[in-house]
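Report on the structure given below.
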Amino acid sequence: MVNRKQDQGNSAIEEIKKNTVGADFLWKQCDLVNLAEVRSVSSGIRESLERLDYLVLSAGINANQHGLDDDGIGCIFGFNYLGKYYVVNQLWSTLRKTSLMPGATPPRVVAVSSGLHQGAPLAVKFASLKDINNPNLILWNFMGGEYCHARAVEDAYPGITGQLITYAMKAISRDPEQGSYSTLSALTAPEVEEKQRNGAYLSDPDKLGDESLQANDKGLATEPWELSEELIRSELGENLLESWRNTGVY
């Protein structure tokens, strides 16, 4: 388990111990907007594990927390996308190695998303720093999102306005347990393989979601991918991005 705040980690550990007797786990602290820290922690995990069957990318920050990190990259993009991209890159060889082990089921990587993406303007391509660092775009998405966290609304809009929006958000949002169902289903359900749902967007267990046209645009997907590689290489160095062709020979 990896997250950026020790108090949150301690709280999660206590909950795990309370509900799962004898659970074996390891907690690491890492801030996803710090690419050097992501590399240090992720590469350490890679070297310490013989296999990796499941990877859940669930960390996220709310859209009212816009700003630039120390590398000049927008925190929303850096935390919710770029940091996770780099985590997967650093662990890719272990996932591949696991997939080749005798009797192993195919490893699964689940990225938890948000309904906010449905409100993104069609002009957004995420092809440059100018795109991802645009605070007006982030605010627009925040206001247009259907599944904002109520606490984020209170922080962004204090007073009676925030309270009214908060009541509305609580009426349509899900609690953490409800929100985990689709993630657990994507991790464990045999239907994912049986129905060939690799890369599918699930809003509920075994239910395909209503992703935006942009999310379905395979051509558009190459632009944030290429931008991610460019940003990591420019910030950390040309050789600090692992090859995606690493076969993880077992």
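Okay, so the sequence shown: first residue is 3 according to my numbering, each after it adds one. Just so it is clear, CB atoms sit at the ideal spot from N, CA and C, and this is done for glycine as well. Fair warning: this is a prediction, and the values are worked out from it, not measured in the lab.
Following the DSSP letters along the chain, one finds residue 110 inside the beta strand (DSSP E) bounded by residues 110 to 113. The C-beta distance from residue 71 to residue 35 rounds to 4 Å, short enough to fall under 8 Å. The alpha carbon of residue 185 has as its nearest neighbour, out of 195, 199, 204, the alpha carbon of 204. Here residue 54 is not near residue 128, since their CB atoms are 9 Å or more apart.
Per DSSP, the beta bridge partners of residue 31 are 5. About 27 Å separates the beta carbons of residue 97 and residue 216, which is beyond the 8 Å limit, so they are not a contact pair. The shortest CA-to-CA distance from residue 5 to any of 242, 89, 177, 239 is the one to 89. Comparing C-alpha distances from residue 131 to each of 77, 107, 247, 178 shows the shortest one belongs to 77. In the DSSP assignment, residue 59 falls outside any alpha helix (DSSP H) and lies within the beta strand (DSSP E) extending over 56 to 59. In the structure shown, residue 85 falls within a helical segment according to DSSP collapsed to helix, strand and coil.
By the Cβ-count criterion, residue 40 is buried, with 16 or more other Cβ atoms from all chains shown falling within 10 Å of its own Cβ. When the five nearest sequence neighbours on each side are left out, the beta carbons in the same chain lying within less than 6 Å of the beta carbon of residue 60 are those of 114, in order along the chain. For residue 206, the enclosing beta strand (DSSP E) stretches over residues 204 to 206. Within the same chain, Cβ atoms closer than 6 Å to the Cβ of residue 84 are found at 230, the five residues on either side in sequence being excluded.
Cβ neighbours of residue 73 within its own chain (closer than 7 Å, five residues either side excluded): 37, 237. CA-CA distance, residue 7 to residue 181, rounds to 21 Å. Residue 22 is classed as exposed because its beta carbon has fewer than 16 other beta carbons within 10 Å across all chains shown. Going by DSSP, residue 224 is part of the alpha helix (DSSP H) stretching over 220 to 238. Its chain contains 53, 55, 100 as the residues whose beta carbon lies nearer than 8 Å to that of residue 106, once the 5 sequence neighbours on both sides are disregarded; these appear in chain order.
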